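K.L.:
First residue of the sequence shown? That's 1 in the working numbering, and the numbers climb one at a time after it. Even for Gly, the Cβ is constructed at its ideal location relative to N, Cα and C. Remember, predicted model here, so these are calculated numbers, not experimental data. Would you mind keeping the following structure in view while I ask a few things?
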Amino acid sequence: MARPTLLDMAKLRADDGVVDLLDEAMIDAPELRYITGMPIVGSSFKSLVRIKLPRVGFSNANNGVDPGKSEYKLQQFECFPITPRFEVHDVVAVEHPKGVAGALADEAVAMTSAVLQHFARCLYYGLAYDPKGFPGLNELIPDRNVIDAGGTGDAQQTSVYLFRVSEQDLQFVYGHNGSIKMGDPREETLTGANGKPMNGWVQTMMAHLGLMTRTPRTMVKIKGVSLLHPLTDAHLGDAMTRFPAGRGPSGIWLNRIGMESLVQSRTTELLPRPAMPSDWNGTPFRLTEAIVTGEEGVIPSQDDEVDLSFKNSVVAE
């Protein structure tokens, strides 16, 4: 069972000048900033979705017309519980520079960060990433809206996602009125690594999270993107044509490899290193670590450790 160790606490105490914990394990999850969410009372709700407008047309004077009607379908959206827990041996907790309260606070921040990162990655990889969660964009985007950049089997292969955020398209759903509850820390008898009892602290969190997608028409995926098969302006232009008129994407979501490949595709003799773009004809780029590199046959396990090596390296020479 993973618990903080005395070594972890020793690292925190190593520099007396450290005032706050610098959490290198915290990868930004911009999805939670830019994608709106709808709180619901329980953990599921049903909604009528109009799938067809009534038929109308011009008519001659003194002629009647056939009545028209809309067509609807009933959709049910669900939130799924996520209930992480952490434990700290009391002998370890007291070694924190700020005592037991500091140890518990640090772990609570880390657990919250992990939940949000997990939620963001489930947006793209859905049930393949966590079978107990909700379907993600990989499972929801229809084949007709998947554009192939040509990469296969490349260790640097990734995907780019475009989707529209609104109540009529895609948004997050937060169950039980949107609450993310952090339980009070409590002392319990824990089981040590040697199988024997020990005293320690326990804290849990509970949230109900889900994804609502009302139509597949406003979501597009560009797959097979790599430095060898870069994202190009032609791919992005093609993707934009897949959206209904007046209902374009709210953002272009990609990781660092996807962005670097676009920059390289724009490289010319006159412009050897184009600036990193902030938007494509007004649609903003959103850099995220939730989209993985090396997608071909590799959907990351929810137990994978976060690789921070990129912080000390460049994307490409």
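Flag this pair as touching only if the stretch 284-294 and the stretch 157-171 have three or more C-beta atom pairs under 8 Å; answer yes or no.
P.N.:
yes
K.L.:
Which two residues bound the contiguous beta strand (DSSP E) that contains residue 159?
P.N.:
158-163
K.L.:
From residue 170 to residue 62, what does the alpha carbon distance come to, in whole angstroms?
P.N.:
45 Å
K.L.:
For the beta strand (DSSP E) holding residue 112, just list the boundary residues, first then last.
P.N.:
Note, residue 112: premise wrong, no beta strand (DSSP E); alpha helix (DSSP H) at 99-129.
K.L.:
Are any of the Cβ atoms in chain C nearer than 9 Å to that of residue 33?
P.N.:
The structure shown contains no chain C, having only a single protein chain.
K.L.:
Would residue 274 pass as a contact of residue 267 if the rule is Cβ separation under 9 Å?
P.N.:
yes
K.L.:
Throw me the rounded Cβ distance for the residue 31 and residue 120 pair, which I believe falls under 8 Å.
P.N.:
Cβ-Cβ separation between residue 31 and residue 120: approximately 4 Å, consistent with a contact (criterion under 8 Å).
K.L.:
Could you tell me the distance, in whole angstroms, from the CA atom of residue 165 to the CA atom of residue 38?
P.N.:
12 Å
K.L.:
Check for me: the alpha helix (DSSP H) holding residue 276 runs from which residue to which?
P.N.:
Per DSSP, residue 276 belongs to no alpha helix (DSSP H) and is neither H nor E.
K.L.:
Mapping the DSSP letters down to three states, classify residue 284 as helix, strand or coil.
P.N.:
strand
K.L.:
So who's on the other strand from residue 84, going by DSSP bridges?
P.N.:
In the DSSP assignment, residue 84 is bridged to no other residue.
K.L.:
With DSSP as the reference, identify every bridge partner of residue 247, one or two as the case may be.
P.N.:
DSSP, once it has assigned bridges, lists no residue as partnering residue 247.
K.L.:
Determine whether the beta carbon atoms of residue 84 and residue 145 lie at a separation below 9 Å.
P.N.:
no
K.L.:
Considering only the beta carbon of each residue, do residue 257 and residue 227 sit closer than 9 Å?
P.N.:
Result yes, Cβ atoms of residue 257 and residue 227 sit closer than 9 Å.
K.L.:
In three-state terms, what does DSSP make of residue 150?
P.N.:
coil
K.L.:
Could you spell out the range, first to last residue, of the alpha helix (DSSP H) harbouring residue 263?
P.N.:
256-265
K.L.:
What number of angstroms, rounded off, separates the C-alpha of residue 133 from the C-alpha of residue 189?
P.N.:
31 Å
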